[in-house]
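Structure first, then comments.
Numbering (UniProt numbering), first residue to last: 1 to 199.
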């Protein structure tokens with residue numbers, strides 16, 4: 001007789017997702033199996049496939065959940081600032097939230113062998129992040145600034161990956177944040193793009 005706990009559909013789906021998050025925390029996509037996730041979540045393999053169709057579908061759903069949480073953390077960090085905070089302080093708050101999220105959820109760092117659906121989700125999240133940056137910095141049609149933001153987001157992904165691979169050392173957090181702020185300032189060049197950025 002089965003002793004599996006009866007859960008609602010949403011509860012069971014969440015349990016499977018969290019088991020997958022733990023599995024992918026320490027292993028790359030090719031090295032994790034559906035049977036492993038099913039066992040960890042006390043679910044059958046059939047149930048995992050019922051909710052997510054495939055291993056690729058499960059991974060895509062997990063990454064979608066992670067990037068959605070990251071976007072929410074970015075916004076919460078901005079909302080917590082005093083009214084009228086300048087753009088540098090707003091970007092700094094986003095960076096702090098970004099690093100906190102990566103330290104807590106390594107799924108945010110892309111790994112080798114990820115399926116196309118996952119890569120598409122990461123691409124969409126990157127595009128949305130750039131869109132929010134453009135809005136927050138007041139960047140409109142000037143293409144130089146748009147390209148600068150795309151380059152800066154790539155820079156941020158690179159240094160965040162390096163920080164994660166080093167074990168997220170706390171003593172490197174502020175040096176990296178200051179480097180990222182300096183990189184954005186250098187990339188945009190003309191701070192008149194936004195009067196809220198301090199001279």
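Using N, Cα and C, we set each Cβ at its ideal position, and we do this for glycine too.
Quiz item: Roughly how many whole angstroms lie between the Cα atoms of residue 8 and residue 30?
Solution: In the chain shown, the residue the question calls residue 8 occupies position 8. In the chain shown, the residue the question calls residue 30 occupies position 30. Looking at the two C-alpha atoms, the distance is approximately 30 Å.
Exercise. Report buried or exposed for residue 10, applying the criterion of at least 16 other Cβ atoms within 10 angstroms of its Cβ.
Key: Numbered from its first residue, the chain shown carries residue 10 at position 10. Per the 10 Å Cβ criterion, exposed.
Self-check item: Nearest-angstrom Cα separation, counted from residue 178 out to residue 199
Solution: Taking the chain shown and counting its residues from 1, one reaches residue 199 at position 199. Taking the chain shown and counting its residues from 1, one reaches residue 178 at position 178. In this prediction, residue 199 has a pLDDT of 49, which is less than 50 and means its spatial position is unreliable; nothing more can be read from the coordinates.
Self-check item: Three-state secondary structure (DSSP) of residue 13
Solution: Locating residue 13 in the chain shown gives position 13, where the first residue counts as 1. Of the three classes helix, strand and coil, the one that applies to residue 13 here is helix, per DSSP.
Practice problem: Answer yes or no: do residue 17 and residue 61 have a C-beta to C-beta separation smaller than 8 Å? | Solution: What you label residue 17 is simply residue 17 of the chain shown in a count that begins at 1. What you label residue 61 is simply residue 61 of the chain shown in a count that begins at 1. In contact: residue 17 and residue 61 (Cβ atoms closer than 8 Å).
Practice problem: Measure the CB-CB distance between residue 164 and residue 102 and report whether it falls below 8 Å. | Solution: The count along the chain shown starts at 1 and reaches residue 164 at position 164. The count along the chain shown starts at 1 and reaches residue 102 at position 102. Taking 8 Å as the Cβ cut-off, residue 164 and residue 102 qualify as a contacting pair.
Quiz item: Which one of 155, 93, 111 has the shortest CA to CA distance from residue 136?
Solution: Within the chain shown, numbered from 1, the residue matching residue 136 stands at position 136. With distances taken between Cα atoms, residue 136 lies closest to 93.
Quiz prompt | residue 174 classed as buried or exposed, judged by whether at least 16 other C-beta atoms fall within 10 angstroms | solution = To locate residue 174, count along the chain shown from 1; it is residue 174. Classification of residue 174: exposed, given that the 10 Å Cβ count is below 16.
Self-check item: residue 86 (DSSP reduced to helix, strand or coil)
Solution: Counting from one through the chain shown, the residue named residue 86 turns up at place 86. In this structure, residue 86 counts as coil in the three-state DSSP scheme.
Quiz item: Can you tell which of 26, 42, 35 has its C-alpha closest to the C-alpha of residue 14?
Solution: By one-based count along the chain shown, residue 14 stands at place 14. Among 26, 42, 35, the Cα nearest to that of residue 14 is on 42.
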